[in-house]
Structures are given as C-alpha cells and as structure tokens.
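Novice: Here it is: the structure, laid out below.
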Amino acid sequence: MSGGFAFNADNAAKAKALLAKYPEGRRPSAVMGLLDLAQRQVGWVSQEVIEAVAEMTGLAPIRVQEVATFYTMYNLSAVGHHHVQICTNICCLLTGSDGVAETAKRALGIEFGETTPDGRFTLSEVECLGACVNAPMMQIGDDYYEDLTPESAKAIFETLKTGGTPKPGPQSGRQFSAPAGGPTTLKTLGGEAG
Amino acid sequence: MPKLSIDGRDIEVEAGTTILQAAERLGIEIPRFCYHERLAISGNCRMCLVEVEKMPKPVASCAQPVGDGMVVRTNTPAIRKARQGVMEFLLVNHPLDCPVCDQGGECDLQDQAVAYGADRGRCREPRRQVHDHDYGPLIATTMTRCIHCTRCVRFLNEIAGVPELGAVGRGEHMEVGTYLGRAIGSELSGNLIDLCPVGALTNKPAAFTYRSWELKKTESADVMDALGSRIRIDTRGNQVVRILPVADDAVNEEWLSDRSRFACDGLTRQRLDRCYVRRDGKLTPASWHEAVMAVANALRGAPGGRVAAIAGDQADAESMVALKDLMAGLNSPNMDCRGDGAKLEAGVRASYLFNSTIAGINQADAVLIVGSNPRKEAPVLNARLRARWLTGQMKAAVIGPKTDLTFGHDWLGDTAEILSSVAEGKHPFLEVLKAAKRPMLILGQGALARDDGAAVLSLARKLADAAGLIKPDWNGFNVLHTAAGRVGGLDLGFVPGKGGRDVAGIVDGAARNEIDVLFLLGADEIDMAGLGHAFVVYLGSHGDAGAHRADVVLPAPAYTEKSGTWVSTEGRVRRSRLAAFPPGEAKPEWMAIKALSDAMNRALPYATLAEVRQRMVAVNPIFAAVDEIRPAAWGAFGMLGAVSDKPFESTIADFHRVDPISRASETMAACSKAFGPKCGCHSKKTVTHD
Ligand code: SF4
Ligand code: FES
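As they're listed, the protein sequences go chains A and B.
Numbered by the working numbering, the letters in the first sequence go through residues 1 to 194 in order.
Numbered by the working numbering, the letters in the second sequence go through residues 1 to 690 in order.
Below, the structure written as structure tokens:
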C-alpha cells in the first residue's frame with residue numbers, strides 16, 4: 001500500500017530478524033530498528049518509510065512519526081552520501097569547533113543544513129555526541145573523527161572527496177581517549193613492554 | 001492495603017492507588033492538567049507535585065502509587081513554590097489571550113494560575129509559535145495554547161480507538177497534531193474539547209458566540225441516539241449554544257457522540273413555528289383553532305380502519321400515549337412506532353431491550369454483534385465495547401457489515417444464514433459463547449428492519465437459548481436501538497392492534513387509498529411520495545419530509561424545549577427538561593392531540609403533564625421508575641420462518657444525518673461532507689486493533 005518504500009532483499013531479511021526478536025504481539029518494539037534500517041537503505045526517513053514501518057509494526061503512522069521526530073539521529077529530509085555532523089556544544093566549542101566548522105564549510109562549499117549540489121555531502125550542526133574527551137569532533141556516517149584541527153579536518157574532506165576512506169578516531173595520533181601526551185600511568189602495558 | 005497519611009489525615013487504600021487518587025478520596029484536591037481519571041496516566045505536566053517524607057524531591061502524585069506508611073503533604077510552602085515553578089514554565093509559551101479565548105471562565109490553566117501564577121513573567125524570550133491545525137468542522141485549534149498534557153492524544157488512542165493524534169518533535173519543538181494534518185475521523189471527537197484543559201481545542205461551531213458564565217445550564221437527556229445519555233444543555237437567552245455530556249457511569253461515562261453534541265444548530269433551522277393548513281394545494285399559515293378544526297373535519301366520517309398513525313424515532317412517550325388513546329377513541333388499530341419496519345414485538349419486554357444493560361458490557365467476555373455497526377449507531381456504547389476488548393477479556397465477532405469497529409473482532413459473514421449456523425452449533429463461535437461466563441448478543445436494527453426480521457429475531461432467540469445467554473443473574477440478549485423513542489413506544493404498546501396495519505401496511509394502504517387520515521408524529525423517514533390521497537397530519541418540530549407532504553402541520557417543540565420522557569435501549573426511563581422555549585406557537589404534541597380530542601368531543605381524560613404521566617404509568621408501570629432499570633422477564637417471541645440471503649446492513653447510512661434535527665444542522669452537513677457519509681470509518685484502517 002505504501003507504494004514508495006520497500007526493503008531490499010538483504011534488509012528485508014534483517015527486518016524479519018529484527019521483528020523476530022520480540023514476542024508475538026510486541027511488534028511495535030521493532031520500530032526504532034526498522035526505521036534505522038530503512039534510513040540506512042534510503043538515507044532518510046521519508047513519509048513512505050514511516051508508512052511502511054507502520055504497516056510492519058502494526059502501529060498507526062502517527063506513532064511512528066512521533067518516534068522518528070523525537071530522535072535526532074533519524075533524518076527527516078534527504079541527506080548526501082556523506083552526512084557530516086559537527087558538534088558545536090561547549091567542550092568542542094572550547095577546543096576549536098569553530099575552526100573545524102569553518103574548514104568544513106569552505107572545503108565543501110556549503111553552510112550548515114545544506115547539501116552539496118552533487119549530493120555527496122550534507123553538513124549539519126549537532127549537539128553533544130558524547131565524545132567530549134576527544135573534542136572537537138565530528139561524525140561522518142557511522143564514524144567519529146576526533147581531536148580535530150582545521151588541518152586534519154581538511155585532510156579528511158580531501159580524502160572523502162577523492163573517494164578514499166579516512167581513518168576514523170582521534171586524528172592527533174593519541175590512542176582512543178588516552179591522555180594526549182601518551183599514557184601517564186600503566187605505561188608498561190603499552191607497546192614495547194607489553 | 002497500604003495505610004498512609006495525607007496532610008495529617010490517615011487513609012487506607014488498595015495497593016496501586018496513586019497518591020492523587022487517595023487524596024481525592026479524602027476530599028483533598030491536588031491541581032492537575034494531564035491526569036484524567038478515565039485516561040491512562042502520563043505524568044507529564046508536573047502540576048500535581050506533592051511532598052513525601054523521606055523522598056528527596058517533590059513527586060508527581062498522579063503517577064506515584066501509595067506506599068505503606070507514606071507521609072504526604074500537599075500544601076507546604078515548598079510545594080506551593082514548586083507548583084509555582086511549574087506554572088511559570090507552562091506560561092512561558094502560553095499566550096495571554098484569555099479575553100478572546102472561548103475557554104475563558106472554564107479553563108483549568110486560568111483557574112490554577114489564580115492559585116499558583118505570578119503577577120508577571122520573568123521570561124524575556126519570544127514566545128514560541130505553533131501553527132494551527134485543521135481538525136475538521138467540529139474542533140477549532142489554537143495550538144499556541146497547548147500545554148502538551150496529551151489528554152487529547154490519549155483519548156483518541158485509548159477511548160476512541162482512532163490513533164490519529166500524536167506529539168511530534170520534542171522539547172521546545174514538540175507539537176500535538178495529526179499525521180500529515182488529517183482531520184480527526186472519530187464520531188467521539190467532540191470530547192476532546194471537554195478534555196483539553198486549556199483553550200487549544202475549542203468548539204468550532206460555537207466559536208466566539210458565548211462566555212461560559214453567561215450560559216444557563218439545564219441537565220437533560222439526549223435523544224439523538226437510543227442510549228439515553230445524560231446531557232447538559234447550555235443556553236443563552238432562548239438559544240441552545242452547546243450541548244455537553246454529564247457524567248453517568250452506567251450509561252455514557254463522560255462522553256457524548258458528535259451528533260448528540262453538535263447537531264444543536266439544527267434546533268434553530270427549518271423550525272415549524274406555526275400551524276399550516278393545505279389550501280388549494282399549498283400549505284398556508286393557520287391558527288391553532290383552524291388547524292385543529294381542519295383535522296377534526298377530516299376525521300369526521302372516516303371509519304377507524306381508515307385512520308392510521310406512525311410515531312417517529314424521536315417521539316416522546318407523552319405524545320405517543322396521547323396519540324394511542326386518541327386512536328383508541330377513533331377505533332383505529334393502525335399504529336406503529338417502528339418507522340424503520342423493525343420486526344420487534346411489544347409483548348415480551350426482554351425481547352426488545354439491551355438486557356445486560358450498557359454497564360453490563362464491562363463484564364461481558366464474549367460478544368456477537370449481529371446486523372449492527374455500533375460505531376455509527378451508538379458511538380459511546382462502542383467505546384465501552386472497545387474498552388472491554390482492550391482488557392483482553394472479551395472476544396468479539398460480527399455478523400453484519402464489515403467495518404472498522406475500533407476493536408478487534410472476527411468477521412463471520414453478513415447473512416442470516418451464518419446466524420442460523422451459529423444458533424445450530426454448526427459454527428465454532430457458539431462454543432465461544434457457551435464457554436463464556438457473561439456471553440452477549442447485540443442485535444442491531446439492521447437485522448430486524450427487513451422482511452425476514454421476525455425470522456431473524458426468532459433465530460436470535462434460538463441462539464440465546466443455545467448459547468446460554470440467559471442465566472439466573474445475567475441476560476445477554478441485547479437489542480441495540482437507534483431511535484430514542486422506540487423502546488418507549490413498545491413499552492406503551494404503540495404497535496398495530498388486532499388486525500391493524502404496521503408501518504409497511506399503512507404506507508401500502510395509503511398508496512391504495514385505503515387510508516383517509518394519517519398522523520405522522522415526527523415521522524419523516526417513510527416514503528412520502530406514495531401516500532396516495534391520505535389526509536396527512538404532521539406533528540413535529542422541523543420542516544422535514546413529513547411537513548412537506550402534510551395537509552395540516554401542527555408545530556411541536558424539540559427535545560430541548562419540553563419536558564418529555566424517553567426510554568433508552570436498556571430500558572432506562574429518561575426525562576428531558578425544558579432548556580429553551582419552543583419557537584412561535586409550537587406546543588407539545590400531547591397538547592395538540594388533546595385539543596384535537598376536545599374538538600371531536602372525545603376528550604382525552606387528562607389536562608396536565610402530570611396527568612399524562614399518570615396515564616403512562618397506568619399503561620406501563622415502568623414509567624414510574626425514572627432513571628432506573630427494571631430487569632425484564634424472558635419469554636417466548638419471534639416467528640420461525642425462512643430468511644433471505646440479503647446481507648445485514650446498518651440502518652444508519654450517514655452518521656451525521658439521521659433525524660430532522662441533524663438533517664437541519666449545518667454543522668452536521670459540513671461533517672458529512674468532510675468525513676463522508678460513514679463517520680470516520682471510511683478512512684484507512686486504523687491498525688492498532690488487528
Ligand atoms: S491540545 Fe489540549 S488536550 Fe491536547 S495536548 Fe494540548 S493542551 Fe492537552
Ligand atoms: S497531573 Fe500529575 S503530572 Fe500531570
């Protein structure tokens with residue numbers, strides 16, 4: 001009935017598995033997973049997606065819309081191939097997210113909330129993504145790029161533009177969220193002494 | 001059972017009771033916006049904060065179950081301050097437009113702002129803007145006033161079973177609305193207006209025409225369907241401004257159907273306010289004396305067998321008893337109150353009542369609905385069926401039109417044959433009914449108002465016996481009426497006497513010129529074109545089909561303009577009160593009939609309303625027990641016969657246009673246009689009950 005959207009074969013199998021996780025009569029529980037799966041397939045949560053998920057879960061469309069509009073990670077309009085989300089909350093701001101944002105805008109030639117004409121990049125300003133210890137940071141697709149500087153951010157965009165895959169995680173060379181200058185305790189657990 | 005103390009008073013309540021409910025029992029009122037005793041608890045407005053000893057922060061009393069030994073305080077300085085804080089937040093975005101808001105004067109927010117509001121706001125940010133929605137012809141929205149209590153969302157979800165409203169977005173951006181801005185397709189939608197604690201949802205047809213404190217409030221009874229809902233008629237001057245439900249747990253709880261609520265503008269349109277007599281083929285104004293004499297002349301010389309009377313769907317018992325007595329005086333056995341041709345018999349009262357009572361639905365564990373669409377015929381009753389179904393303790397099945405009833409059911413088919421196979425045990429649903437402790441059959445007029453109605457009735461009786469619907473303390477044989485006047489008519493025996501004609505016979509007789517004089521007591525639903533040369537006397541309130549065909553029109557008050565008696569589908573005697581005066585020269589039907597009897601020297605033996613009512617009690621003692629239910633004895637009825645394979649259909653084709661009042665109503669016409677003839681049921685299936 002919802003002419004517009006249908007899962008492809010792969011995702012249909014995944015959707016089935018998702019629904020099977022919940023007992024009979026509890027199909028609505030799968031709503032978030034299904035929305036996510038659909039978003040992965042078409043990039044965003046469209047009206048067709050909402051109606052298809054409503055049909056699959058037995059929920060009224062408005063119930064699905066409530067979920068989709070509550071969580072900011074569901075995109076309510078189409079986004080580019082790479083969805084660049086830059087955090088501008090307090091920790092990132094203090095550590096230079098302004099510069100990162102500026103770089104992104106210049107590198108991509110768009111403002112926050114816009115998509116490049118070729119449809120490859122969408123730039124979004126987001127609230128805290130929970131990686132404050134590695135601020136400033138941005139999320140592209142499913143990956144976090146942390147400890148950014150304007151230069152490292154620029155390098156990431158250049159790589160993406162040429163079709164490459166930049167290495168996610170801290171760009172400063174530090175290990176995860178270990179202290180910036182290298183470990184200060186448990187030093188022997190690191191590389192050589194291992 | 002946990003014991004606790006609230007404001008120093010001890011109380012013991014069942015486990016699971018909330019603090020707010022316990023306090024209510026002590027008569028301690030806690031302010032609230034989102035809590036409503038008939039809706040699920042959501043706990044989102046935070047107005048109901050109270051202090052509980054040993055709890056570090058104030059708690060929302062509506063969502064907090066009591067605990068043993070709790071010490072609760074509802075009125076401390078800290079609590080007052082906390083509520084003031086909540087109020088301040090609520091008012092941050094709420095416009096200060098009380099002077100132009102229809103809710104003014106009956107607004108929870110306004111009232112509580114008096115108790116907890118500050119005299120000035122501290123918020124310097126601009127107020128947020130919210131766009132209004134189009135919810136259809138009945139509900140006006142001003143969404144900036146919404147405080148997100150979600151009562152409206154919960155009502156549609158839980159009670160009405162049309163999950164169309166929701167809260168979209170979050171935080172500062174949250175808005176209550178419908179999916180894609182659709183109108184609200186529920187026949188109970190008007191209740192949202194009552195539920196909304198602020199002026200976000202208001203009465204659209206009555207917008208800007210009243211202030212609540214100017215209205216005169218008259219408690220009365222509803223006659224727009226056969227439930228006998230209790231209503232309050234609000235009038236200003238002599239005009240009915242709005243109609244609201246009055247809570248009655250046994251009947252309508254707190255709800256009212258949209259037709260009962262919004263058809264009231266039809267009370268001022270197309271009204272008959274004076275007598276008319278047809279002269280030279282044209283209805284011309286006449287005095288009461290002329291009109292009555294014209295009828296008396298027509299009757300003079302007409303033998304009893306050539307006189308007939310049909311009582312319409314909203315006829316009150318007073319007028320029917322008078323008309324019946326008049327017909328007796330004229331020696332005519334030709335009368336009928338079953339305008340739709342339902343093959344009900346007046347003999348055994350249990351054969352035409354909703355015997356389990358409406359409240360009995362709350363105990364039913366299996367129900368078979370035959371030839372009815374309760375959602376259209378009695379929306380409030382349908383909501384009760386849904387509520388029972390939601391508990392998971394009731395199985396439902398339908399033989400009749402296939403529609404979305406807002407609750408899950410098995411559709412068994414739509415012919416009498418299926419009914420007979422259930423009655424004979426050839427269909428597995430009989431076992432479900434048999435296994436049930438409180439089984440119930442709901443027999444609609446759609447199954448009875450047909451040529452084989454009597455056979456269907458006897459099939460239903462057979463099924464009642466086969467399924468054990470009748471138990472010592474339970475009678476699950478239920479007839480669902482759609483006409484408010486029907487049960488009263490049957491109780492008075494307003495049916496053909498010996499050798500008399502029923503509705504079909506009368507119409508047929510008139511067409512063949514075998515009827516000289518025909519009384520139509522507010523009966524507009526018969527085929528007026530085929531009445532032959534009959535002299536038609538129309539008594540009624542509206543210039544509907546009957547008045548157009550009539551030779552004499554005698555104007556009558558509508559149900560809001562007289563004290564009348566009706567008997568609801570469950571056999572409850574209801575009495576309306578005069579809320580406004582009838583227009584022009586209209587006077588109650590029984591008075592007109594009395595005047596007629598005087599003119600013919602066959603004076604009826606009563607002159608006052610009290611005497612008419614004594615006469616009603618003499619005919620049937622049931623009329624002495626106003627607002628009560630007297631269980632009816634089971635008996636033999638129905639007539640075995642062949643049934644046709646014509647599918648059962650609901651007798652109500654267009655929910656919004658059923659009787660002369662709703663047909664005259666512009667609001668109902670607009671609804672009919674917006675929602676289609678079938679209330680909201682035409683819209684896409686509303687999934688939550690598959
Ligand atoms: S519209 Fe009224 S009932 Fe609905 S959430 Fe807003 S304030 Fe509550
Ligand atoms: S009434 Fe308790 S939170 Fe709204």
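Note that beta-carbon positions come from the ideal geometry of N, C-alpha and C, so glycine has one too.
1) Using a Cβ cut-off of 7 Å, which residues of the segment 61 to 80 of chain A contact any Cβ in chain B, in chain order?
2) Listing by chain order, which chain A residues have their CB less than 7 Å from the CB of G166 of chain B?
3) If you follow the beta strand (DSSP E) that W411 of chain B is in, where does it begin and where does it stop?
4) Quick one: Cα of L430 of chain B to Cα of I629 of chain B, how far?
5) Just to confirm the assignment: which complete alpha helix (DSSP H) runs, minimum length 4, are found wholly within the segment 35 to 95 of chain A?
6) Under a CB-based cut-off of 9 Å, is Q47 of chain A close to chain B?
7) One question on the structure: do K21 of chain A and A30 of chain A come within less than 9 Å of each other, judged by their Cβ atoms?
8) Cα separation between T698 of chain B and A436 of chain B?
9) Buried or exposed, going by whether 16 or more other CB atoms sit within 10 Å of the CB of Y133 of chain A?
10) Check whether the Cβ of C48 of chain B sits closer than 8 Å to any heavy atom of the ligand FES, and report yes or no.
11) From A397 of chain B to G453 of chain B, what distance separates their C-alpha atoms?
12) Compare the C-alpha of I41 of chain B against each of B:K3, B:V130, B:V153 and name the closest.
13) Do you know whose CA, among A:S77, A:A131, A:E151, A:F70, lies nearest D143 of chain A's CA?
14) What would DSSP say about E125 of chain B, mapped onto helix, strand or coil?
15) Run through chain A and tell me which residues come within less than 8 Å of G169 of chain B, C-beta to C-beta.
16) Helix, strand or coil, according to DSSP, for S356 of chain B in the structure here?
17) Can you tell me whether P621 of chain B is buried or exposed? The criterion is at least 16 other CB atoms within 10 Å of its CB, across all chains shown.
18) Are there 16 or more other CB atoms within 10 angstroms of the CB of N478 of chain B, so buried, or fewer, so exposed?
19) Which residue's Cα is closest to the Cα of L326 of chain B: B:K343, B:A23, B:V307?
20) Look up G177 of chain B in the DSSP assignment and say whether it is helix, strand or coil.
21) In this structure, how does DSSP classify L90 of chain B when only helix, strand and coil are distinguished?
22) Counting pairs of beta carbons, one from the segment 573 to 592 of chain B and one from the segment 551 to 563 of chain B, are three or more of them closer than 8 Å?
23) Would T391 of chain B pass as an interface residue toward chain A - the criterion being a Cβ-Cβ separation below 9 Å?
24) Give the single residue among B:M591, B:V223, B:T218 whose Cα lies nearest to the Cα of G237 of chain B.
25) Helix or strand or just coil, what does DSSP make of E29 of chain B?
26) Counting only C-beta atoms, is Y179 of chain B closer than 9 Å to chain A at any point?
27) According to DSSP, simplified to helix, strand and coil, what is M70 of chain B?
28) Return yes when at least one heavy atom of the ligand FES lies under 8 Å from the C-beta of Y35 of chain B, else no.
29) How many angstroms separate the CA atom of G8 of chain B from the CA atom of V66 of chain B?
30) Taking only beta-carbon atoms, is P31 of chain B less than 9 Å away from chain A?
31) Does Y116 of chain B pass the burial test, meaning 16 or more other C-beta atoms within 10 Å, or should it be called exposed?
32) To which residues does DSSP link V370 of chain B through a beta bridge?
33) Report the start-end ranges of each beta strand (DSSP E) in the segment 556 to 583 of chain B that is 3 residues or longer and not cut off at the edges.
34) Which residues bound the alpha helix (DSSP H) around P245 of chain B?
35) Alpha carbon to alpha carbon, how far is F89 of chain B from L201 of chain B? Give it in angstroms, no decimals.
36) Please report the residue range of the alpha helix (DSSP H) in which N11 of chain A lies.
Specialist: Taking the geometry as given:
1) P61, I62, R63, Q65, E66, T69, F70
2) Indexing the second sequence from 1 puts residue 166 of chain B at position 166. Those within 7 Å of G166 of chain B in chain A are I62, R63, Q65, E66.
3) Here residue 411 of chain B is taken as the residue at index 411 of the second sequence, counted from 1. 410 to 413 is the extent of the beta strand (DSSP E) around W411 of chain B.
4) Taking the first residue of the second sequence as 1, we reach residue 430 of chain B at position 430. Taking the first residue of the second sequence as 1, we reach residue 629 of chain B at position 629. Taking the straight line joining both Cα atoms gives about 29 Å.
5) 47 to 57, 61 to 70, 90 to 94
6) Residue mapping note: residue 47 of chain A aligns to position 47 of the first sequence, counting from 1. By this cut-off, Q47 of chain A is an interface position.
7) Sequence index remark: in the first sequence, residue 21 of chain A carries index 21 (1-based). Sequence index remark: in the first sequence, residue 30 of chain A carries index 30 (1-based). Contact flag set, yes.
8) The structure shown has nothing for residue 698 of chain B, since chain B only spans 1 to 690.
9) Position 133 of the first sequence, counted from the start, is the residue given in the question as residue 133 of chain A. The sequence given here has Val at residue 133 of chain A, not Tyr. So V133 of chain A counts as exposed.
10) Position 48 of the second sequence, counting from 1, holds the residue named residue 48 of chain B. Yes, since a heavy atom of the ligand FES falls inside the 8 Å radius drawn around the Cβ of C48 of chain B.
11) To locate residue 397 of chain B, count along the second sequence from 1; it is residue 397. To locate residue 453 of chain B, count along the second sequence from 1; it is residue 453. If you take the alpha carbons of A397 of chain B and G453 of chain B, they lie about 20 Å apart.
12) Along the second sequence, one-based indexing puts residue 41 of chain B at 41. When each option's Cα is compared against that of I41 of chain B, the closest is B:V153.
13) Taking the first residue of the first sequence as position 1, residue 143 of chain A is located at position 143. Measuring from the Cα of D143 of chain A, the nearest candidate turns out to be A:A131.
14) As a first step, residue 125 of chain B must be located in the second sequence, where it is residue number 125. If DSSP states are grouped into helix, strand and coil, E125 of chain B belongs with coil.
15) Locating residue 169 of chain B in the second sequence gives position 169, counting from the first residue. Within 8 Å Cβ-Cβ: T69, F70.
16) Translated into the one-based positions of the second sequence, residue 356 of chain B becomes position 356. Three-state DSSP puts S356 of chain B in coil, outside helix and strand.
17) One-based indexing of the second sequence puts residue 621 of chain B at position 621. Answer is exposed; the Cβ neighbour count stays below 16.
18) By one-based count along the second sequence, residue 478 of chain B stands at place 478. Under this definition N478 of chain B is a buried residue.
19) Stepping through the second sequence from its first residue, residue 326 of chain B is reached at position 326. L326 of chain B has its Cα closest to that of B:V307, out of B:K343, B:A23, B:V307.
20) Residue numbering aside, residue 177 of chain B sits at position 177 when the second sequence is read from its first letter. Three-state result, G177 of chain B: strand.
21) By one-based count along the second sequence, residue 90 of chain B stands at place 90. In this structure, L90 of chain B counts as helix in the three-state DSSP scheme.
22) yes
23) Position 391 of the second sequence, counting from 1, holds the residue named residue 391 of chain B. So, not an interface residue.
24) Counting from one through the second sequence, the residue named residue 237 of chain B turns up at place 237. The candidate whose alpha carbon is nearest that of G237 of chain B is B:T218.
25) Here residue 29 of chain B refers to the residue found at position 29 when the second sequence is read from its first residue. In the structure shown, E29 of chain B sits in coil (DSSP, three-state: anything other than H, G, I, E or B).
26) Numbered from 1 along the second sequence, position 179 holds the residue referred to as residue 179 of chain B. So, interface residue.
27) Counting from one through the second sequence, the residue named residue 70 of chain B turns up at place 70. Strand.
28) Looking up residue 35 of chain B in the second sequence gives position 35. Yes; taking the cut-off as 8 Å, the Cβ of Y35 of chain B has a heavy atom of the ligand FES nearer than that.
29) Numbered from its first residue, the second sequence carries residue 8 of chain B at position 8. Numbered from its first residue, the second sequence carries residue 66 of chain B at position 66. Each residue's alpha carbon lies about 15 Å from the other.
30) Locating residue 31 of chain B in the second sequence gives position 31, counting from the first residue. No, P31 of chain B lies away from the interface with chain A (no Cβ there is under 9 Å from its Cβ).
31) Taking the second sequence and counting its residues from 1, the one referred to as residue 116 of chain B is at position 116. So Y116 of chain B ends up on the buried side.
32) Here residue 370 of chain B corresponds to residue number 370 of the second sequence, with the count starting at 1. Partner(s): B:I399, B:L443.
33) 565 to 567, 573 to 575
34) By one-based count along the second sequence, residue 245 of chain B stands at place 245. Element bounds for P245 of chain B: not the alpha helix (DSSP H) but the beta strand (DSSP E), 239 to 245.
35) Within the second sequence, residue 201 of chain B is the residue found at index 201, counting from 1. Within the second sequence, residue 89 of chain B is the residue found at index 89, counting from 1. Approximately 20 Å between the Cα atoms of the pair.
36) Start at 1 with the first residue of the first sequence, and residue 11 of chain A comes out as number 11. Where N11 of chain A is concerned, the enclosing alpha helix (DSSP H) stretches over 9 to 20.
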